[in-house]
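Novice:
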Amino acid sequence: MAPSAGASAQREPDLQPTPFHVSVDLRNGCVAVAGELDRQNAPHVLDGLVALTSTAHRRWSVDTSAVTFCDAAGLRLLVTGHNLARRHGCELVLDRPSPCVHRLMTLVGLDRVLSVRTDGPAPGPAAGGQRLFPSAGPLRTVRRVGSLPANDDRRAD
Numbered sequence: 091m092a093p094s095a096g097a098s099a100q101r102e103p104d105l106q107p108t109p110f111h112v113s114v115d116l117r118n119g120c121v122a123v124a125g126e127l128d129r130q131n132a133p134h135v136l137d138g139l140v141a142l143t144s145t146a147h148r149r150w151s152v153d154t155s156a157v158t159f160c161d162a163a164g165l166r167l168l169v170t171g172h173n174l175a176r177r178h179g180c181e182l183v184l185d186r187p188s189p190c191v192h193r194l195m196t197l198v199g200l201d202r203v204l205s206v207r208t209d210g211p212a213p214g215p216a217a218g219g220q221r222l223f224p225s226a227g228p229l230r231t232v233r234r235v236g237s238l239p240a241n242d243d244r245r246a247d
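Numbering (our numbering), first residue to last: 91 to 247.
#1: Use the C-beta contact count for residue 173: other C-beta atoms within 10 angstroms, 16 or more gives buried, fewer gives exposed.
#2: Assuming the contact rule is C-beta atoms closer than 8 Å, residue 165 and residue 198 should be a hit. Round their C-beta distance to whole Å, please.
#3: Any idea if residue 179 is buried or exposed, counting beta-carbon neighbours within 10 angstroms, 16 or more meaning buried?
#4: Run through DSSP, which three-state label would residue 116 get?
#5: Please identify the residue among 136, 108, 115, 120 whose C-alpha is closest to the C-alpha of residue 171.
#6: State yes or no: is the C-beta of residue 148 within less than 8 Å of the C-beta of residue 183?
#7: Skipping 5 residues on each side, what residues in its chain have a beta carbon closer than 6 Å to that of residue 141?
#8: Put residue 177 into one of helix, strand or coil per three-state DSSP.
#9: With a CB to CB cut of under 7 Å and the five nearest residues on each side skipped, what residues in its chain are close to residue 162?
#10: To the nearest angstrom, how far is it from the Cα of residue 124 to the Cα of residue 144?
#11: Which whole-angstrom value is the C-beta distance of residue 138 and residue 112, which I expect to be below 8 Å?
#12: Counting only C-beta atoms, is residue 202 closer than 8 Å to chain B at any point?
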């Protein structure tokens with residue numbers, strides 16, 4: 091006997107996406123991000139960074155410790171934020187990147203372009219005194235992959 095549609099729906103895991111939050115702290119010059127940093131959500135984070143242009147901070151921080159997914163648009167956002175900060179005479183620091191953000195940055199070499207702080211205290215609380223999400227745990231160690239040997243010009247015919 092085939093299970094009813096109601097019974098199978100009860101057994102399937104809840105596939106709800108992680109809620110996305112952006113918190114801008116103008117007092118401390120920090121933008122905190124939680125959830126998926128993708129093409130749909132990256133413009134909201136950029137809006138938060140643009141808001142920091144009106145402050146006197148020389149160091150802007152982006153806390154990505156609660157980012158659960160990051161794609162190319164998220165990485166592009168970080169580069170755009172870095173360039174925006176430089177145009178305003180500021181430095182963009184990525185505070186406590188989540189494992190997925192840290193891994194992508196390492197794979198594409200962005201960890202050599204952006205300032206990254208993986209330890210230290212969490213940035214101050216956002217406006218209202220509440221942090222919307224907890225900090226992530228320590229990052230896994232990263233192993234660098236050596237370059238592949240160049241192809242030999244000799245060909246087997």
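A virtual CB, placed ideally from N, CA and C, is assigned to each residue, including glycine.
Bear in mind that the values here come from a model prediction, so they are computed numbers and not experimental data.
Specialist: Result, derived from the coordinates:
#1: exposed
#2: 6 Å
#3: exposed
#4: coil
#5: 136
#6: no
#7: 114
#8: helix
#9: none
#10: 23 Å
#11: 5 Å
#12: The chain labelled as chain B is not found in the depicted structure, where only one protein chain is given.
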